[in-house]
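The block underneath contains the structure these notes are about, expressed in structure tokens.
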Amino acid sequence: MTIHSVASTPYAGQRPGTSGLRKKVSEFLQPGYLENFVEAIFQTIGDCRGQTLVLGGDGRYFNRTAVGVILQMAAAHGVGRVLVGQGGILSTPAVSCVIRKHAAFGGIVLSASHNPGGPEGDFGIKYNIGNGGPAPEKITEALYLYTQTNALYRISDAAVPDLDTVGVSRIEQMDVEVIDPVSDYAELMASLFDFAAIKALFAGGFTMRFDAMHAVCGPYAHAILEGMLGAPAGTVINGTPLEDFGGHHPDPNPVNAAELIAEMFGAAAPDFGAASDGDADRNMIVARGLAVTPSDSLAIIAANAKLAPGYRAGLAGIARSMPTSTAADRVAKSLGIPCYETPTGWKYFGNLLDAGMVTLCGEESYGTGSSHIREKDGLWAVLFWLNLLAASGKPAATLVREHWATFGRNYYSRHDYEAVDAQAAEAMMAHLRGQLGQLAGRQLDGFTVALADDFVYTDPVDLSVTSKQGVRIVMTDGSRIVFRLSGTGTEGATIRLYLEKYEADQARHAIDPQQALAGLATIAANLSQLKTRTGRDHPTIVT
Ligand code: G6P
Ligand code: ZN
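When we follow my numbering, the leftmost residue of the sequence shown carries the number -6, and every step to the right adds one.
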């Protein structure tokens, strides 16, 4: 067993995006590509000699190989112990949970989240710090700088131990502790929610369909929903993680989870439906005949949080990403608690959570979570809803409609234009930015612009400033148009257009969202010149 220093050539483009480094598998297969990035992690996270790290991924293609390489490199860098999920598997929320529970130095998550997997698909790697959350920008930027010049990595040639059996073995001086991926996480969930009430709900004949989309949430959902909570077998579908997610796009939204949507809108729909993504941090909630928007889900959870034992003391505050609808702001106002608006990316919630300023966080991109960990958490959101359904005794659709009746409805939709020419997309954003100074006060098709800016966030805890986070045009009635470029795409640029219209009148709460938002969509098309600049006349995906 020898530790080698291997000469390597730096690769361009290893800058972590919204959520770590995500690239095509083919890029990761280049010699030294993964190793260079992992070396940069070890060089920038601080002295981790003798420390504990957590390691696991969503089981996609290349997961196992990468786990082996990272273990050999961790040993070469003097790490004391690595807690690795059995089979190399740990969901993103489970990594966060295990880091916190075992007070680890940090952890490495292997996932490209909802992006397709398999040899032709994507792979990803992300470093999480000791609070269990994604590394802040100062670490990821230092890491990127390091990758640009790094010409060496260190690795042990010791064999990778058996990852399929729970137990402890060694590489060099380092303990490799293979852990059950589910148990710590399941224990945390049981401490937050009224498992007895949910169990009684299922025992009373309540039916549910949970679509794990052939991804990593499968084992967690089987163990918790069907195991601990007694939901009938078959409640969880697509529950075995596959390296290529069965060829599907493991993204829980009405477009990609079409099978679940069809069932929930059909005559024999179960009482409740839900889905999660590739690494189990995203969720979609579906009532009978009604897909709940992530923005509404956050607001409804917030409004009813006290029904769950873990949240009985009330909420310190709520945070949402800027493009997420303002439905949660209305709840926060009625609860007399603050609501923070952050840039897109879960990492921006970290400081607010650590400082105890917020309890719940959510994003329009099907992410919801709380202070229990430092990642968004798909199954947590589903269990929260089950707790609300059990405690209120009401169907999910009734909870949603009653919420709208109390707070008003924030009609919401996101239009994605994927794989657009990157230069054309940048030019469109520049064109929008160029108009911002002249928009305030202008009348546009029945709306009056109250504010137009390129979102800048000043973190209230460390006062760091993040700029250029998306163009937002806010109308005097609270309606909004937001444009930004995705930070997670792997092909060209993805333009995201977010539309939101507030409707207080209960008599107008049953309009088709696309119809309710059509006026705003036209304004957005005109202001951006999207069609002429990108050659696209309709979005790739509408959610
Ligand atoms: C990931 C991140 C989220 C983010 C989402 C969309 O899931 O964890 O925080 O909201 O990607 O990001 P994007 O930059 O593609 O809009
Ligand atoms: Zn994810």
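Glycine is no exception: its CB is placed at the ideal position from the N, C-alpha and C atoms. No experiment lies behind these values; they were computed from the predicted model shown.
Under the three-state reduction of DSSP, R323 is assigned to helix.
Looking from the CA of Q431, the closest CA among I38, I504, L520 belongs to L520. Contact annotation: A312 and T335 have beta-carbon atoms nearer than 9 Å. With 5 Å as the limit between CB and the heavy atoms of the ligand G6P, the residues that fall short of it are T11, S12, T337, G338, W339, E356, S358, S479, G480, T481.
Rounded to the nearest angstrom, the gap between the Cα atoms of I516 and D438 is 7 Å. Contact between G360 and D274 holds, since their C-beta atoms are separated by about 6 Å, short of 8 Å.
Taking non-hydrogen atoms of the ligand ZN into account, the C-beta of R275 is found less than 8 Å away from one of them. At least one heavy atom of the ligand ZN lies closer than 8 Å to the C-beta of G271.
The C-beta distance from P129 to T536 rounds to 29 Å, too long to fall under 8 Å, and the pair is not in contact. I534 and D244 have their C-alpha atoms roughly 12 Å apart. For S314, same chain residues with a beta-carbon under 6 Å away, outside a window of 5 residues either side, are T335, T337, E356 in chain order. With a cutoff of 9 Å on beta-carbon distance, T228 and M201 are scored as near each other.
Of the heavy atoms belonging to the ligand ZN, at least one sits nearer than 8 Å to the Cβ of T85. When distances are taken from the beta-carbon of S290 to the heavy atoms of the ligand ZN, even the shortest one reaches 8 Å or more. Between P174 and G80, the CB-CB gap stays under 9 Å. In the DSSP assignment, S460 forms no beta bridge with any residue.
The same chain holds no residue with a CB closer than 7 Å to that of A306 once the five nearest residues on each side in sequence are set aside.
Y405 carries a strand assignment under DSSP once its states are collapsed to helix, strand and coil. Distances from the alpha-carbon of G123 to those of K524, S1, D40 put D40 closest.
No Cβ-Cβ contact shorter than 9 Å links V442 with S460. The shortest CA-to-CA distance from T133 to any of H396, G266, H424, F35 is the one to F35.
Short note on H242: C-beta not closer than 8 Å to any heavy atom of the ligand ZN. Less than 9 Å divides the Cβ of G211 from the Cβ of N231. Following the DSSP letters along the chain, one finds F21 inside the alpha helix (DSSP H) bounded by residues 18 to 21. The closest CA to that of G13, considering only A105, A423, H242, is found on A105.
S184 sits exposed, since fewer than 16 C-beta atoms from the chains shown fall within 10 Å of its C-beta. G362 is bridged by DSSP to C354.
Each of R473, S290, S406, L376 was checked against the Cα of V393, and the nearest Cα belongs to S290. Distance from the C-beta of S104 to the nearest heavy atom of the ligand ZN is below 8 Å. Within the DSSP secondary-structure output, K131 pairs in no beta bridge.
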